[in-house]
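Please read the structure below before turning to the comments.
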Amino acid sequence: MTSIKAQDSALILIDHQVISMGFIKTQSPETAKLNSVTMVKAAQVLGIPNVWTSSTEDDNQ
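According to numbering that gives the first Met the number 0, the residues represented by the sequence shown are 0 to 60, in order.
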C-alpha cells in the first residue's frame, strides 16, 4: 500500500461562504464551518497546503 505524503497532497475548500453554507442539508451551517476550520487546522499541523476558493472575491463573508 502506498502512503499519501503531505508534500503530495492539498486540501482544497471550494466556495465556503455564508450563503453557500445555507445550501448544506446534512448538517447545520455552524457544524459545517467548524468542520472546515478543523480540517484546515489539521492540514496545517500535518504540513498539507490548503487552498480556498470563492466566487465573491471583493466581499469577505
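Every residue, glycine too, gets a C-beta built ideally from N, C-alpha and C.
Quick caveat: nothing in here was measured; it's all calculated off a predicted structure.
Simplified DSSP assignment, three categories, for I75: Within the shown structure, residues of the chain are numbered from 0 to 60, placing residue 75 beyond reach of any answer.
Minimum C-alpha distance to Q6 - residue among Q43, K32, V36, L12: To locate residue 6, count along the sequence shown from 1; it is residue 7. Of the listed residues, the one whose Cα sits closest to Q6 is Q43.
Start-to-end residues for the alpha helix (DSSP H) that takes in I13: Within the sequence shown, residue 13 is the residue found at index 14, counting from 1. Careful: I13 lies outside any alpha helix (DSSP H), inside the beta strand (DSSP E) at 10-13.
Span of the alpha helix (DSSP H) around M20: Here residue 20 is taken as the residue at index 21 of the sequence shown, counted from 1. Per DSSP, M20 belongs to the alpha helix (DSSP H) from 17-20.
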